[in-house]
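Chains as they are written, first to last, in our numbering: chain A, 1 to 512; chain B, 1 to 326; chain C, 1 to 327; chain D, 1 to 297.
Since the structure comes first, as structure tokens, the remarks are kept for the end.
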Ligand SMILES: Nc1ncnc2c1ncn2[C@@H]1O[C@H](COP(=O)(O)OP(=O)(O)OP(=O)(O)O)[C@@H](O)[C@H]1O
Ligand SMILES: Nc1ncnc2c1ncn2[C@@H]1O[C@H](COP(=O)(O)OP(=O)(O)OP(=O)(O)O)[C@@H](O)[C@H]1O
Ligand SMILES: [Mg+2]
Ligand SMILES: [Mg+2]
């Protein structure tokens, strides 16, 4: 099979592609070859230039130098539309769909079935439902896309691109917000497309997935091509070395069991809930403890987080901090009580794109201190510099608008925003989404370290391994209700899966 | 499970307002008043449909009032001074308006400039050109004009559905179809939802921008023609400030100024609500100039507050975020 | 939203200089200055002095726009405050009249802020209500006539001078400094920019958006009220029908020329004032040029477009690309 | 008792407010019920107002038209409903001559002529550079007052309009425009007279002249139109020279004509012209001021 792939003539051939943003050389003489029928993983650290390469290929960004040829013919697309016409379909890194349009309209934008210029709505909906059924998604395609979770939106984006792809399909971190089930579904589709001779470019930070699906790997570092290898011929540690340029003592993701039961409750919520949003729950968070929230997509994890942070106002129950009841009507209240919250939707709920990295980092701290007590410029610079170093945010320029950072680096800056407030309780919704292996290990180490210092953490992650790695306790959700809890001795991927699936989670936990 | 749409709420608000007026004034609930409402606001309705497209796409068009003024002067001068047949004058006018709108759209897209400012410059320009053409008001005597003003479908109860009212209804119907049932319309919503994403999904936003402003200017030109039918004259100062009335009508009709949401029929009802406020004040007939302004403001507030209240009741509180910063 | 690496201010200042030079071309004595009754006198001073009301409006408006709002009512607020100041000027001590006028401004601002931040009405319609009704209120106060007054203390606000500078100019500079201190000396500036840039993210970071939005509208109305006093003092009478008419558009234009996006976020007070001066330099130039008034609007449209085109980041990109293509 | 609907333009100036006040008092003098609809300067609103007067079945309609054209259709409706229409303050386009009973107006071209003639007479043979403050661009009053003035001075080669800009009929703009005229004309030394299309602009211009160290009324002659109280105040102070009256009492003659028509069937003449009286500082400005200041200017 390898030989045949080798023999195939290049489908997409990129030679000497360069792109600079002002002084920053985002791509430097990059070559990249995609063959028909292969799945090609494009890997690299955060900010390595993967997304930029993709955008330059599809003409969203103008290139400075280099050539791109498709099927041996040189192409110079000047917009996404031209790339599409040429046969290159792309899912860009951030969900780039239209929340105000219906799911069906999103799927068929620009190519709706029409009769005499009038869109055949029924036909379009029927086809949309059919298309999504192929992904095991049975949703109302007439509802606005924005009413669905990020994960569903991602599936829709993928379905659209797959349906459009004529020759080449490019997927920039499509799996970041999907859970196992959806990922499997996606992989099945990808294999099917590859078998039909379509070339697929796949960007991800999950190395397991790389080895599961890809035929070939290209690695970028600091905008330069490091090398292209057959997946089967590249051991994991070598790959990491290629990506980081250094060794990474791959953290044995094993749970450190420590005694916390004696610790005082840092924050507790009793009978806390909101009608039509999430069923009332009891939740206690102790100093130095990591509580993981596990559940399927839409099970109510984000809802729990938003309620705990006051972003949604509870209509029942009470919240208390250090044993004293508190008012929790807004994020502002929560911040005053020392809570922090990294939301899952980075672009819409996290970053303020126009402001600099420095301003984004100090934002929550400043809001907490109040308007009258401004942080001096010196203090701001100092805080920003500290966290840029601590979290290795790249490029390490605090005065760069954060919107110009790569996705993973934005995520780090958001984490820095909350760490700067020295919170007592930090809620992290998918904290490692889009973060590279190096930084991933870094963040998990950081989570542990924070706990040592007495911080309480509530973490949501679709990566069960990850949850298992750092949680002291796991709360399992289903259908917008807390259905069970696993204490530290019971935590493990199988037991969590069982709890998610089982009718009576508590019983399973006991048995385990 | 579906919550009542903003259009439904706007329609209910209009009906409630009409009922209140009818209870207060005996002659109010008549086909005459309803027909007058359509005739008197015909030009506003036409131009507001164009504005609906612009606002849904995330833009704004401040030039429409001036374009109406320009159109009336242009029609008057070409028919009266140059002796062109009116229909030919209309055709030339609409082509000019299309070019004007296309130019604004192109500047907005190519130079990435805010529509507010580009169309503000357009507003100065169109008004300025009408001043240069003629500062006097010119009556239009073409036979077509008297024929149009004599035309009318008599309604039971003394009302008369005039030609310009019919033009407006046709534009509303045309606008609804274009907006809700064509690819063009969907693209308009898409651009209002997220410009970048729309471009990434393969829509040519450049040509869309040009076409949207072209549509708005053409409809403003048509509104100018309607206005000239209404007054049988061309005058460079006509329709001053109409852009704000138009925007208000569109927004009252449930369209979000931030783009991406709204309906053509909602705009139509918004126009009727504006007209209803005017009619109420005229029927009252005792208000001094200043009380007229204050009453207009208070009624505007009443309608908007009623609408907001109903929206809240319909349980959309989650979608409404702190006001100015949605 | 077009993100770009920061590069601010140069375009505006260049535009201002170019327009002043053009003014010098149409009117050779443009830069002449002399002292008249202890007050500087000359076209350049006219630009500053006549630009003062719009500069004040822009100073408030820029904050509103930075929160992604807009305030159409400033012209009407000017009329109200002028009417109040004028009606009280001769019967009460000047501090009373000024305080009453500013108090009215405060109430107007609270009303706008209430509609926008608490009721959640879109700013453009919310302030349209006061734009329509406010002028009615002002006319109600003056009963439609021009209320004249003779109190020299109030008149000082329009025609007095301090160290040779006309009082309105002094007031604008003072307000610029005060606003600058309040906004940049505290964390308000940062929080406004954050809230305007991304309201959801800011709210989730613990920024209290409502209070901030209300206070921004209040400040805007206060600036407008002050501008109203100046406008009334200038003609020694309150003209409720015409004071501040259409000035809201000039103020918005000034803010945008000053580089603040109508979609909120980053703002600059100094550049907004600079924008107001650009507009006034253009208006004064038109008046000095001696062209028939039918040309005013056409010239204005052309200048506005050119100034904004020069600022457009896209233009420099396009020029650079063109150069590259030629090379 | 008669009910008359009056479609008033708005309240854009003090003169307009005075016209409204005077109309009300003239109506109550004759026990006529006057319904005033304010159009906020918009023709659309005036048309709507006339329609609703017709719908309400008033006895007569007074119309102060905002522009001269565009009334045919709506006036036909009034005619069909047999409601007489009287125009106040401004005439409409001749195509509709039979659509109204009579027009009570001044002749604004004539007003401009009166102003021009006075200036020509006062200046004599001296060369005189005039600056002109126009009304709102496109407003027919402004166009006509300019036309009349131009005709009057055309006969005198020594009179020349050197600068002409719009002051939008307002004090503030009048002042601003005058300021730049002064600068453009060498500090005002070469200006011999100012002509303003209304008194409000002149009041502003007078302030501008004073602030520039000039003496209005002495160094620079002033002539304007309307005769509002504040211009008489300036005359008393010796800062203004002449004004041409535009009487706010249009409703009085109109009501008289209407009552005669209703009671005795006398058809009034098509045009009742009001007097355009010239006031100068010789005409006891203090007395004129006292008589006018209560009229709601
Ligand atoms: N429009 C832009 N202007 C300026 N700099 C940019 C722009 N877009 C990207 N960059 C910079 O280019 C570099 C490469 O970014 P890119 O988004 O391609 O990284 P990536 O490999 O996709 O990273 P991640 O895994 O975090 O998504 C980054 O340093 C980023 O800051
Ligand atoms: N399979 C599904 N079918 C229909 N609606 C769904 C489905 N999954 C999620 N949703 C909807 O998506 C919305 C948001 O879900 P949300 O993302 O908050 O859940 P979550 O448990 O936090 O999941 P995650 O954090 O993994 O995305 C909810 O309103 C939910 O009704
Ligand atoms: Mg990326
Ligand atoms: Mg979630």
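Glycine is no exception: its CB is placed at the ideal position from the N, C-alpha and C atoms.
Quiz prompt | Cutoff 7 Å; reference residue 174 of chain A; Cβ partners in own chain excluding five residues on either side | solution = Closer than 7 Å at Cβ, skipping near neighbours: 91, 154, 158 and 186.
With a threshold of 7 Å on Cβ separation, who are the neighbours of residue 429 of chain A within its own chain once the five nearest residues in sequence on each side are excluded?
302, 305, 342, 343, 344 and 460
Worksheet item: residue 247 of chain B versus chain C: which residues are under 7 Å apart at the beta carbon?
Response: Contacts between residue 247 of chain B and chain C, judged by CB atoms closer than 7 Å, involve 124 in chain order.
> Comparing the CB of residue 209 of chain A with every heavy atom of ligand 3, is any distance shorter than 6 Å?
Replying inline: The beta carbon of residue 209 of chain A sits no closer than 6 Å to any heavy atom of ligand 3.
Report task. State the CB to CB distance for the pair residue 232 of chain D and residue 297 of chain D, rounded to an integer number of angstroms; the pair is presumed to be in contact (CB under 8 Å). Result -> Not confirmed; about 10 Å, so no contact.
| Residues in the region 345-357 of chain A having any Cβ partner in chain C nearer than 7 Å | 348, 349, 350, 351, 352, 353, 354 and 355
Checklist line | Cut-off 7 Å between Cβ atoms - residues of its own chain near residue 507 of chain A, not counting five sequence neighbours on either side | finding: Low confidence applies here, because residue 507 of chain A scores a pLDDT of 48, under 50, leaving its location unreliable and the question unanswered by this model.
Notebook entry, point to check: In chain order, what residues of the region 44-64 of chain A put their CB closer than 8 Å to some CB of chain B?
Noted result: 60
Quiz item: Would you say residue 366 of chain A touches ligand 3, meaning its beta carbon is less than 6 Å from a heavy atom?
Solution: no
- request: Would you kindly work out how many angstroms separate the C-alpha atoms of residue 277 of chain D and residue 104 of chain D, rounded to a whole number?
  value: 16 Å
What does DSSP give as the partner residues of residue 485 of chain A in its beta bridges?
-> A:475
Requested in this report: Indicate whether at least one CB of chain B lies closer than 7 Å to the CB of residue 34 of chain C.
Outcome: Not one chain B Cβ lies under 7 Å of residue 34 of chain C.
* Using a beta-carbon distance below 7 Å, is residue 140 of chain C in contact with chain B? -> Yes - at least one Cβ of chain B is within 7 Å of the one on residue 140 of chain C.
Using the Cα positions of residue 90 of chain B and residue 167 of chain B, report the straight-line distance between them to the nearest angstrom.
14 Å
| said: Give the list of continuous alpha helix (DSSP H) stretches no shorter than 4 residues that lie fully inside the region 268-319 of chain A. | reply: 301-308
Note to self: Across the region 67-85 of chain D and the region 103-119 of chain D, are there enough close Cβ pairs to call them in contact, namely three or more that are closer than 8 Å?
What the structure shows: No, the region 67-85 of chain D does not touch the region 103-119 of chain D.
- Item | Chain-ordered chain B contacts of residue 308 of chain D [CB-CB under 8 Å] | Nothing about residue 308 of chain D can be reported from this structure: the residues present for chain D run from 1 to 297 only.
So is residue 279 of chain D in contact with chain C if we call contact Cβ pairs under 7 Å?
-> no
With three or more C-beta pairs closer than 8 Å as the rule, is the region 201-214 of chain A touching the region 32-47 of chain A? yes
ask   = Of all the options B:23, B:138 and B:50, which has the alpha carbon lying nearest to the alpha carbon of residue 177 of chain B?
value = B:50
Starting from the N-terminal end, write out each residue whose C-beta falls within a distance shorter than 5 Å of any non-hydrogen atom of ligand 1.
-> A:21, A:26, A:46, A:47, A:48, A:49, A:50, A:51, A:52, A:404, A:405, A:406, A:407 and A:408
Discussion item. Ligand 3 and residue 93 of chain A: does the residue's C-beta get closer than 6 Å to at least one heavy atom of that ligand?
Written reply: Checking the Cβ of residue 93 of chain A against ligand 3 gives yes.
Practice problem: Inspect the beta-carbon positions of residue 114 of chain D and residue 100 of chain D and report whether they are closer than 7 Å. | Solution: no
message = Rounded to the nearest angstrom, what separates residue 100 of chain B and residue 61 of chain B at their Cα positions?
response = 12 Å
message = Report the CB separation of residue 128 of chain B from residue 297 of chain C in whole angstroms; it is logged as a contact under 8 Å.
response = 3 Å
task: Quick one: using the 10 Å Cβ neighbour count with 16 as the cut-off for buried, is residue 500 of chain A buried or exposed?
output: Looking at its Cβ environment, which holds 16 or more other Cβ atoms inside 10 Å, residue 500 of chain A is buried.
* Asked: Taking Cβ-Cβ distances shorter than 8 Å, what residues in chain C pair up with residue 147 of chain D?
  -> Within chain C, no residue comes near residue 147 of chain D; the closest Cβ sits about 14 Å away, beyond 8 Å.
| task | Let me know the secondary structure DSSP gives residue 30 of chain A once reduced to three states. | result | strand
_Would you say residue 20 of chain A lies against chain C (beta-carbon separation less than 7 Å)?_
no
Check: Which of the three DSSP states, helix, strand or coil, is assigned to residue 132 of chain D?
Finding: strand
Original post:
Roughly how many whole angstroms lie between the Cα atoms of residue 33 of chain A and residue 230 of chain A?
Top reply: 12 Å
Q) In three-state terms, what does DSSP make of residue 514 of chain A? A) There is no way to answer for residue 514 of chain A, as the model of chain A reaches only from 1 to 512.
Checklist entry - Looking at residue 189 of chain B and residue 105 of chain B, is the spacing between their C-beta atoms short of 7 Å? => result no
Review point. Where does residue 93 of chain C fall in DSSP's three states?
Key: coil
- Query: Based on the DSSP output, what are the partners of residue 152 of chain B in its beta bridges?
  - Reply: B:162
For the beta strand (DSSP E) holding residue 41 of chain B, just list the boundary residues, first then last.
Residue 41 of chain B -> no beta strand (DSSP E), and no H or E assigned at all.
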